[in-house]
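*Asks:* According to our numbering, the sequence shown holds residues 13 to 287 in order. Where a beta carbon is used, it is the ideal one built from N, C-alpha and C, also for glycine.
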Amino acid sequence: MSNLPMEVLVMLGQTIEKVVPVTIVLALVFTVLTHFWACNSAAPWWRKRELVTDIAYWFFVPVFARVFRIGLMVLGAGVVFNIHDADELIAFYDNGHGPLAELPLWLQAMLFLLASDFMLYWLHRMFHGGGFWKYHAVHHSSEDLEWISAARFHPVNLLIGTISVDVILLMAGISPNIMLWVGPFTTFHSAFVHANLNWTLGPFRYVLATPVFHRWHHTGLEEGGNTNFAGTFPLWDILFGTFRMPDGRLPENYGKDDAAMPREIGGQLAYPFRQ
Ligand SMILES: [Zn+2]
Ligand SMILES: [Zn+2]
13 MSNLPMEVLV MLGQTIEKVV PVTIVLALVF TVLTHFWACN SAAPWWRKRE LVTDIAYWFF
73 VPVFARVFRI GLMVLGAGVV FNIHDADELI AFYDNGHGPL AELPLWLQAM LFLLASDFML
133 YWLHRMFHGG GFWKYHAVHH SSEDLEWISA ARFHPVNLLI GTISVDVILL MAGISPNIML
193 WVGPFTTFHS AFVHANLNWT LGPFRYVLAT PVFHRWHHTG LEEGGNTNFA GTFPLWDILF
253 GTFRMPDGRL PENYGKDDAA MPREIGGQLA YPFRQ
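#1: Count the other CB atoms within 10 Å of the CB of V73; is the residue buried (16 or more) or exposed (fewer)?
#2: Let me check understanding here. Comparing Cα to Cα, which of H201, P274, Q280 lies closest to A242?
#3: Is G278 helix, strand or coil when you go by DSSP?
#4: Within the region 40-94, note down every full alpha helix (DSSP H) run reaching 4 residues or more, in order along the chain.
#5: I need the straight-line Cα distance from I67 to F252, nearest angstrom please.
#6: Could you pull out every residue in the same chain whose Cβ sits closer than 7 Å to the Cβ of A149, ignoring the five residues on either side in sequence?
#7: Along the chain, where does the alpha helix (DSSP H) that runs through R227 open and close?
#8: If we call anything under 7 Å between Cβ atoms a contact, is Y283 one with A163?
#9: Am I right that H226 and H206 are in contact with their C-beta atoms under 8 Å? What's the rounded C-beta distance?
#10: Can you give me the Cβ contacts of A127 inside the same chain, cut-off strictly under 7 Å, excluding the 5 residues immediately before and after it?
#11: Between the alpha carbons of E235 and S153, how many angstroms are there, rounded?
#12: Name the residue from L16, G142, A77 whose alpha carbon lies nearest to the alpha carbon of T199.
#13: Using the DSSP secondary-structure output, state which residues sit across from D106 in a beta bridge.
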């Protein structure tokens, strides 16, 4: 018999254990970088508004992501492949399956990054419209945009976003072992694009999403919002006409004006359901 509450506690402990050292490294890196290359003259990140809210998401999101990922993997294998047995399930995901799993691991990682980024681009555009915006508005509520704001996502946004896309690609056969590289890259890169840095990476601005690129995405409509939806590769914005990085200008004002948006995590999690 399994002891579910105990398992959840252990999972929580393991996740926090992994998150703490990564957080310390990121804090050190971005403290130094933003000291020399700040995009906006702001107080240091540890004095940003709603720091406690961001820290709460920072630890809460990886736990939710893990639970959602495992849940969707079990559900997907059962519904699509009729796999219900625990051992079969482990074997199914162990090292990928089908033609994709035959490719070298680095190529699977590249394919995963490209394919997931393409899907996430369109999901991100979907979240900017209609009935989905209220969930994504939580991510856009940071007025002091810092690396630590990167995890501020509503669980619904997380589930119908990163997690579902990850699981679709794992179900397509890509080996979960790619996460060994993809995971750290994604963590670092998402903190990087939210950091208060004036980096555009010059000509590479078209290749990889940069802090200036993503900070433009966080500006209001009048300043250029509703552009730069890509998470990793600006290629999608170039192809579909949503790329925006004005020459000689830096983004300045972040957050969407919504007086009804609570400032603490509990209120923000309930916010979409009250709309
Ligand atoms: Zn957005
Ligand atoms: Zn963002």
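*Replies:* Taking the geometry as given:
#1: buried
#2: H201
#3: helix
#4: 63-93
#5: 34 Å
#6: K268, D270, M273
#7: 223-229
#8: no
#9: 7 Å
#10: L181
#11: 16 Å
#12: A77
#13: G108
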